[in-house]
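Working notes for the structure below.
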Amino acid sequence: MPQLDQLVPQRVRRYTTDPDLPLRQRAYQSTLRDERLAAWLGSSLGILFSICFVTGLFSHIQQHPVSWFPVPARPAGLYRVTQGVHVATGIASMPVLIAKLWVVWPRFVSFPPFKGLALLVERISLFPLVGGGVFMVFSGIANIDYWYPWRFGFTAAHYWIAWVTMGAILAHIGAKWTVARQSVRRPSRRVALAGADPALGTDAEPAAAGFTRRHLLGAVAATSGLLVATTVGDTLRLLHRLAVLAPRDPTVGSQGRAINRSAENAGVLESARSEDYRLLVTGPTPMSFTLDQLRTLPTHTAVLPISCVEGWSYSATWTGIRVRDLMAMVGAPHDAHVRVESLETNGPYRISTLDADQASDRDTLLATHLDGQALDVEHGYPCRLIGPDRPGVLQTKWVTRLVIT
Ligand SMILES: Nc1nc2c(c(=O)[nH]1)N[C@H]1C(S)=C(S)[C@@H](COP(=O)(O)O)O[C@H]1N2
Ligand SMILES: [Mo]
C-alpha cells in the first residue's frame with residue numbers, strides 16, 4: 010500500500026492532510042468523494058426531485074381538488090401520465106440519492122461538528138434536506154410496495170414533507186450554486202469533500218482507484234434506468250413483460266384486471282348481491298332504482314383508464330349509465346356537483362365527489378360492464394363510478410347513492 014503522502018500531490022495537500030486528522034475521517038478516503046461528483050449527482054437529483062414534486066403536486070390536486078385550481082376532465086389519461094411520471098422519477102431517484110449521500114458522507118461525520126456559525130447553520134439545514142429526501146423516497150417506495158411500517162397518514166405526510174424538502178433543496182441549491190458550477194465546469198477543480206480526502210487535485214481520474222467518477226455515475230444511471238425499466242411496465246403496456254419488480258401486475262385479478270380493495274375486505278359481498286339493492290339519486294325529484302330498472306336505462310360505452318396512485322394502471326372498455334343522464338332524470342342543475350357513495354360502510358375511499366365538469370362529461374359513467382362482461386363484484390358490481398382523468402381512488406366501487414349538491 011502506498012503511503013497517503015505519496016498519493017497526494019503537494020499542491021492540494023493543504024486541503025487534505027491535517028496533522029490533527031481524527032481517526033474517524035481516515036476511514037473515508039475514497040478519491041471519488043469530491044465536489045465534482047457531488048455536484049453531478051446533486052444536479053441529477055435536483056432535476057428528478059423537481060419533476061417528482063411538480064407531478065406529485067398535480068396528482069395531489071387531482072385527488073384533493075381545490076376550488077382555485079379546477080382540474081379539467083380532459084385529457085382523460087392525464088392523471089395516468091402525471092402519476093406514472095411521479096412514481097417513475099421517485100424510483101429513479103433512489104440510487105442517485107444513495108450515491109449522493111455516500112459521496113458527501115464524510116461531511117456528516119466530520120469533527121468537530123461545526124467550526125463557526127455558518128457551518129453550524131449548514132449542518133442544521135441538513136436535517137430537512139437529507140431527512141426530507143430520504144423520507145420522500147422511502148415512504149413513496151414503501152407505499153407502492155404496500156408496506157406501511159408507520160402510524161401516520163401516508164398521503165398527508167408525503168405531501169407536507171415534500172414542501173419542506175423542496176424548500177431545503179432550494180436553499181441548498183442557493184448555498185452550493187457557485188461551488189457546484191465551478192466544479193462541474195472546471196474538471197481540474199477537485200476540492201475534497203472532507204478534510205480527510207486525499208483528492209488528487211488534477212484533471213486526471215484517480216488512477217489508483219480503478220473505479221472512476223465516470224464509472225460511478227454510469228453505475229448509478231444504469232441502476233436507476235434498470236429500476237424504472239423493471240417497474241414502469243405496470244402502467245406502460247409496452248414494457249409490461251419487463252416489469253419483474255413492479256409490485257402489482259395490472260392484468261392479474263378478476264376479469265383480467267387488477268383489484269386493490271376486494272369486495273370481501275370492503276365488507277360488501279352480501280349487500281352488493283342483495284335483492285334489496287337500490288341506487289338512490291337525490292335531487293329536486295329524488296329517484297330510486299332496482300337493478301332491473303337500471304338495466305332498462307340507456308347505456309354508453311367509453312374506453313377509460315383506472316390509474317392507481319401506486320403507479321399501476323390499465324385502460325379498459327366500460328359500459329354503463331351516464332351520470333349526467335341520471336342527473337337529468339332527477340332534475341339536477343347542469344352545474345351541480347355529485348357525491349358518489351358506496352355500499353362500503355367504512356374505508357377511506359367509500360365516497361368521492363364529481364365536480365360539475367366531470368359530472369357532466371359524456372364519459373362519466375356508473376359502469377355495469379367491464380370489457381363487455383357484466384361487472385364482477387370485485388370491480389364494483391352492481392355499478393361503479395368510472396370517469397375521465399380521475400385518480401383510481403376516486404373511481405368508487407359498489408355505488409348505491411348519488412347525492413346532488
Ligand atoms: N368503495 C371503494 N371504491 C374503490 C376503492 C375502495 O377502497 N373502496 N379503491 C379505489 C382504488 S384505490 C382503486 S386504484 C380502484 C381500483 O379499481 P379496480 O379494483 O376495479 O381495479 O378502485 C377504487 N375504488
Ligand atoms: Mo388506488
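Quick note: the sequence shown uses the numbering used here, first residue 10, plus one each step.
The beta carbon of each residue, even a glycine, is placed where N, CA and C say it ideally should be.
Beta-carbon contacts of Gly401 that lie in its chain and below 6 Å, excluding the five residues immediately before and after:
Close CB contacts of Gly401 within its chain, under the 6 Å cut and outside five residues either way in sequence, are with Ile315, Ser316, Cys317 (chain order).
Quick one, which of His95, Gly51, Asp301 has its alpha-carbon nearest Arg190's?
The alpha carbon of Arg190 has as its nearest neighbour, out of His95, Gly51, Asp301, the alpha carbon of Gly51.
I want to check one thing, is the minimum distance from the CB of Cys317 to the heavy atoms of ligand 2 below 7 Å?
Taken from the Cβ of Cys317, at least one heavy atom of ligand 2 lies inside 7 Å.
Can we say the segment 46–66 touches the segment 90–110, given the rule of at least three CB pairs closer than 8 Å?
Yes, they touch.
Near ligand 1: Tyr358 beta-carbon under 7 Å from a heavy atom:
For Tyr358, the shortest separation between its Cβ and any heavy atom of ligand 1 lies below 7 Å.
Please give me, in chain order, every unbroken run of the alpha helix (DSSP H) with length at least 4 that falls completely inside the segment 297–333.
Unbroken alpha helix (DSSP H) stretches of 4 residues or longer found wholly inside the segment 297–333: 300–304, given in chain order.
Looking at the structure shown, is Ser351 part of a helix, part of a strand, or coil, going by DSSP?
In this structure, Ser351 counts as strand in the three-state DSSP scheme.
Taking Thr91 as the reference, give the member of Gln72, Ala108, Ser102, Met103 with the closest Cα.
Per the Cα distances, Gln72.
Spatially closest choice to Arg132 from Ser119, Gly142, Ser369, by CA coordinates
It is Ser119 whose Cα lies nearest to the Cα of Arg132.
Could you tell me if Asn355 is buried or exposed, where buried requires 16 or more neighbouring beta carbons within 10 angstroms of its beta carbon?
Under this definition Asn355 is an exposed residue.
Near Ala368, which residues of its chain fall below 7 Å by C-beta distance, leaving aside the five closest residues on each side in sequence?
Cβ neighbours of Ala368 beyond the five flanking positions: Val332, Arg333, Met336, Ala345, His346, Val347.
So what's Asp43 in DSSP terms, helix, strand or just coil?
Strand at Asp43.
Please classify Lys406 as buried or exposed, where buried requires at least 16 neighbouring CB atoms within 10 angstroms.
Result: buried.
Rounded separation between Phe163 and Leu110 - CA only:
C-alpha separation (whole angstroms): 24 Å.
Which of the three DSSP states is assigned to His346 in this structure?
In the structure shown, His346 falls within a coil segment according to DSSP collapsed to helix, strand and coil.
If you measure between the beta carbons of Asp372 and Leu411, is that distance less than 8 Å?
No, the Cβ-Cβ distance between Asp372 and Leu411 is not below 8 Å.
Note the first and the last residue of the continuous beta strand (DSSP E) segment covering Thr164.
Where Thr164 is concerned, there is no enclosing beta strand (DSSP E), although the alpha helix (DSSP H) it sits in stretches over 163–194.
Going by the DSSP bridge assignment, what does Ala383 pair with across the sheet?
DSSP, once it has assigned bridges, lists His378 as partnering Ala383.
Check each candidate in Ala365, Gly93, Glu44 and name the one with the smallest Cα separation from Val188.
When each option's Cα is compared against that of Val188, the closest is Glu44.
Whether Arg393 touches Ala376 by CB criterion (8 Å):
One thing to note: Arg393 has its Cβ within 8 Å of the Cβ of Ala376.
How is the alpha helix (DSSP H) around Ser76 delimited, first residue to last?
That residue, Ser76, is in no alpha helix (DSSP H); it is neither H nor E in DSSP.
Coil, strand or helix - Ser119 by DSSP
Coil.
Tell me which residue opens and which closes the alpha helix (DSSP H) that Ser280 is part of.
From DSSP, the alpha helix (DSSP H) with Ser280 extends over 278–282.
Quick one: give me the first and last residue of the alpha helix (DSSP H) that Thr232 is part of.
Here the alpha helix (DSSP H) through Thr232 covers 222–238.
Would you report the Cα separation of Asp385 and Ser271, rounded to the nearest angstrom?
Whole-angstrom Cα-Cα distance: 11 Å.
Once DSSP output is grouped into helix, strand and coil, what is the label at Ser361?
Here Ser361 sits in strand by DSSP.
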